[in-house]
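**Student:**
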Amino acid sequence: MRDLDDFHAIFTHPKAMRYWSALPHESIQQTEEIVSAMVQADHSFSDDFAVEFEGRVVGKAGCWRVGELGFIFHPDVWGQGFATEALAAAIPHAFETLPMEKIEADVDPRNASSLAVLRKFGFCEVGRAEKTFLLGDEWCDSIYLELTRTGWLSRAKS
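The C-terminal position of the sequence shown is numbered 405 in the working numbering, with every residue numbered one higher than the one before it.
1) Of all the options Arg366, Ile390, Gly326 and Asn358, which has the alpha carbon lying nearest to the alpha carbon of Ile338?
2) Is it right to say Val304 is buried, meaning 16 or more other beta carbons lie within 10 angstroms of its own, or is it exposed?
3) Cα separation between Phe378 and Ala308?
4) For Gly374, which of Glu332, Arg249, Cys310 and Tyr391 has the nearest alpha-carbon?
5) Between which two residues does the alpha helix (DSSP H) containing Arg396 stretch?
6) If you draw a straight line from the alpha carbon of Phe370 to that of Glu315, how long is it in whole angstroms?
7) In angstroms, rounded to a whole number, what distance separates the CA positions of His260 and Pro322?
8) Give the DSSP-derived three-state secondary structure of Thr379 in the structure shown.
9) I need the DSSP call for Ser361, collapsed to helix, strand or coil.
10) Hey, quick one: how far does the alpha helix (DSSP H) through Gly334 stretch, first residue to last?
11) How would you write the range of the beta strand (DSSP E) that Asp294 sits in, first residue to last?
12) Rounding to the nearest angstrom, what Cα-Cα distance links Phe380 and Cys387 in this structure?
13) Would the beta-carbon of Ser360 fall within 7 Å of that of Val354?
14) Taking DSSP as the reference, what is the three-state secondary structure of Lys262?
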């Protein structure tokens with residue numbers, strides 16, 4: 248896997264993993280399992296895309312489990328529009344190729360940047376919950392957002 252070291256740099260970085268649903272990876276094997284799962288996934292139900300910049304992978308974005316959107320980037324490229332650009336490609340791809348009527352996102356309320364990017368694409372908050380998952384010794388809350396196919400189509404036409 249030629250990009251394994253780049254993915255490992257992301258998945259071991261504490262800032263990148265701050266709002267991810269797992270702790271920073273402690274071994275290259277953990278990262279290899281994630282990357283292998285991305286590559287071997289049934290692409291009729293999920294699609295993840297590596298985002299490259301200047302010859303290295305700086306992040307990933309995509310949908311899995313028919314409709315859950317996720318994205319993660321190395322902190323070195325935060326604030327440069329990579330998440331926006333990646334979602335501008337991933338969202339239409341998901342609606343055009345995967346059997347779904349909506350795309351959902353589960354975001355830690357403290358992750359203001361991700362919330363802003365999702366709202367830019369028309370994602371609407373549909374719920375909140377406290378202590379939805381335990382990350383290490385810290386309970387994390389969730390904001391649930393969704394973008395319906397109808398909502399996406401109406402935004403795409405305007």
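Glycine is no exception: its CB is placed at the ideal position from the N, C-alpha and C atoms.
Note that the structure is predicted; figures quoted are calculated from it, not measured.
**Tutor:** Quick look at the numbers:
1) To locate residue 338, count along the sequence shown from 1; it is residue 91. When only C-alpha atoms are compared, the closest one is Arg366.
2) In the sequence shown, residue 304 corresponds to position 57, counting from 1. Residue environment: Val304 is assigned as buried (16 or more neighbouring CB atoms within 10 Å of its CB, all protein chains considered).
3) Here residue 378 is taken as the residue at index 131 of the sequence shown, counted from 1. Here residue 308 is taken as the residue at index 61 of the sequence shown, counted from 1. Note that residue 378 is Lys in the sequence shown, not Phe. Distance between the alpha carbons of Lys378 and Ala308: 25 Å.
4) One-based indexing of the sequence shown puts residue 374 at position 127. Distance check between Gly374 and each of Glu332, Arg249, Cys310 and Tyr391 places Tyr391 closest, using alpha-carbon atoms only.
5) Numbered from its first residue, the sequence shown carries residue 396 at position 149. Arg396 -> alpha helix (DSSP H) spans Arg396 to Lys404.
6) As a first step, residue 370 is located in the sequence shown; it is residue number 123 there, counting from the start. As a first step, residue 315 is located in the sequence shown; it is residue number 68 there, counting from the start. Those two C-alpha atoms are separated by around 12 Å.
7) Walking along the sequence shown from the start, residue 260 turns up at place 13. Walking along the sequence shown from the start, residue 322 turns up at place 75. The alpha-carbon atoms of His260 and Pro322 are separated by roughly 8 Å.
8) Residue mapping note: residue 379 aligns to position 132 of the sequence shown, counting from 1. If DSSP states are grouped into helix, strand and coil, Thr379 belongs with the strands.
9) As a working note, residue 361 is residue 114 in the sequence shown. Reduced to three states, the DSSP call for Ser361 is helix.
10) In the sequence shown, the residue the question calls residue 334 occupies position 87. Sequence inspection shows Leu at residue 334; the Gly mentioned does not correspond to that position. Phe329 to Thr344 is the span of the alpha helix (DSSP H), which, as asked, contains Leu334.
11) Numbered from 1 along the sequence shown, position 47 holds the residue referred to as residue 294. Start and end: Asp294 to Phe300.
12) In the sequence shown, residue 380 corresponds to position 133, counting from 1. In the sequence shown, residue 387 corresponds to position 140, counting from 1. Answer to the nearest angstrom: the Cα atoms are 6 Å apart.
13) Taking the first residue of the sequence shown as 1, we reach residue 360 at position 113. Taking the first residue of the sequence shown as 1, we reach residue 354 at position 107. No, the Cβ-Cβ distance between Ser360 and Val354 is not below 7 Å.
14) On the sequence shown, residue 262 is found 15 positions in, with the first residue counted as 1. The answer is coil: DSSP assigns Lys262 none of H, G, I, E or B.
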